[in-house]
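**Student:** Here it is: the structure, laid out below.
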Amino acid sequence: MTAQDLVIIAQWTFLSYFVLLNGGYIMLNMLSIVGMREYFRARSVDSLPKIYSDYELPISILVPAHNEAPTIVPAVRAVLQLRFPQYEIVVVNDGSTDDTLNVLIREFSLVAFPEVYRKRIDTQHVNTIYVSTRYPNIRVVDKNSGGKADALNAGINCARYPLFCGVDADSVLDPDSLY
155 MTAQDLVIIA QWTFLSYFVL LNGGYIMLNM LSIVGMREYF RARSVDSLPK
205 IYSDYELPIS ILVPAHNEAP TIVPAVRAVL QLRFPQYEIV VVNDGSTDDT
255 LNVLIREFSL VAFPEVYRKR IDTQHVNTIY VSTRYPNIRV VDKNSGGKAD
305 ALNAGINCAR YPLFCGVDAD SVLDPDSLY
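Residue 310 in the numbering used here sits at position 156 of the sequence shown, with consecutive numbering throughout.
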């Protein structure tokens, strides 16, 4: 066996080694791609962390309430738990004949606020606007009864933010509902 034969054998050995090695790497990559696809399919999007931004537009959440004394406090507390950069809660007491307004005043430390009411949309007469001393983003509008649509319109008239969301007084919200 000559030196030239040994060089040829060494070349074929190295070539075979690199072909087998890189072939193994290609097989491992293919298996990992299949495994990753199955992993991401099984993983829920809900488990990913939410990205909160200070560039979100603020939202006014309108809660019309008519005779909702038993459910209004849990509903407002649920809205207070929302995770959103900036929002206000406008509860509109639509001429309730039960204790709804008094429950709100007592629970959220409301005081009458001499706010100018801009009547951009025609609604029933607004009696008083209250603001909470404990929660600066809660306001309550007390008005004469006019129905749910009229209460929402009064809430829009009192809203400070350009976007609004109407929520029933008996709704329970997920903390990430606004996203």
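Yeah, the Cβ is synthetic: ideal placement off N, Cα and C, and Gly gets one too.
Treat the numbers as computed from the prediction; the structure is a model and nothing was measured.
With distance defined between alpha-carbon atoms, name the residue in N311, K273, L327, P329 nearest to S337.
**Tutor:** Here the chain has residues from 155 to 333 only, and residue 337 is not among them.
**Student:** Give me the Cβ distance between L185 and C319, rounded to the nearest whole Å; I'm assuming they're in contact under 8 Å.
**Tutor:** One-based indexing of the sequence shown puts residue 185 at position 31. One-based indexing of the sequence shown puts residue 319 at position 165. Not confirmed; about 47 Å, so no contact.
**Student:** Label R293 either buried or exposed according to how many other C-beta atoms from any shown protein chain fall within 10 Å of its C-beta, with 16 as the threshold for buried.
**Tutor:** In the sequence shown, residue 293 corresponds to position 139, counting from 1. With 16 or more other Cβ atoms within 10 Å, it is buried.
**Student:** Would you mind giving the Cβ-Cβ distance between V265 and I283, rounded to the nearest angstrom? I have them listed as a contact below 8 Å.
**Tutor:** The residue you call residue 265 lines up with position 111 of the sequence shown. The residue you call residue 283 lines up with position 129 of the sequence shown. Actually they are not in contact, since the Cβ atoms of V265 and I283 sit about 10 Å apart, beyond 8 Å.
**Student:** Just reading off the beta strand (DSSP E) that N114 is part of, what are its end residues?
**Tutor:** Residue 114 cannot be examined here, being either before or after the span of the chain that is shown, 155 to 333.
**Student:** If we ignore side chains and look at the alpha-carbon of each, how far apart do R288 and R197 end up?
**Tutor:** For the purposes of this step, residue 288 is taken as residue 134 along the sequence shown, with counting starting at 1. For the purposes of this step, residue 197 is taken as residue 43 along the sequence shown, with counting starting at 1. Roughly 41 Å between the two C-alpha positions.
**Student:** According to DSSP, simplified to helix, strand and coil, what is Y241?
**Tutor:** Taking the sequence shown and counting its residues from 1, the one referred to as residue 241 is at position 87. The answer is strand: DSSP assigns Y241 an E or B state.
**Student:** Just tell me which of L174, A229, Y271, Q240 has its CA closest to the CA of E261.
**Tutor:** Mapped onto the sequence shown, residue 261 falls at position 107. Per the Cα distances, A229.
**Student:** Shortest alpha-carbon distance to R272 belongs to which of N307, D248, E242, V233?
**Tutor:** In the sequence shown, counting from the first residue as 1, residue 272 sits at position 118. Nearest C-alpha to R272: N307.
**Student:** Under the assumption that V257 contacts A313 (Cβ atoms under 8 Å), give the Cβ distance between them as a whole number of angstroms.
**Tutor:** In the sequence shown, the residue the question calls residue 257 occupies position 103. In the sequence shown, the residue the question calls residue 313 occupies position 159. V257 to A313, Cβ: 23 Å. No contact.
**Student:** At the level of alpha carbons, what is the spacing between G178 and D159?
**Tutor:** Numbered from its first residue, the sequence shown carries residue 178 at position 24. Numbered from its first residue, the sequence shown carries residue 159 at position 5. Distance between the alpha carbons of G178 and D159: 28 Å.
**Student:** In the DSSP assignment, find the unbroken alpha helix (DSSP H) run with L160 in it and report its ends.
**Tutor:** As a position in the sequence shown, residue 160 is number 6, starting the count at 1. Per DSSP, L160 belongs to the alpha helix (DSSP H) from 157 to 196.
**Student:** Contact criterion: CB-CB distance below 7 Å. Does N311 meet it with respect to chain D?
**Tutor:** Among the protein chains of the structure shown there is no chain D, as only one such chain exists.
**Student:** Would you please state the rounded distance, in angstroms, between the beta carbons of H279 and N298? I believe it to be under 8 Å.
**Tutor:** Within the sequence shown, numbered from 1, the residue matching residue 279 stands at position 125. Within the sequence shown, numbered from 1, the residue matching residue 298 stands at position 144. About 5 Å separates the two Cβ atoms, so the contact holds.
**Student:** Per DSSP, D296 is paired with what?
**Tutor:** For the purposes of this step, residue 296 is taken as residue 142 along the sequence shown, with counting starting at 1. N247, T282.
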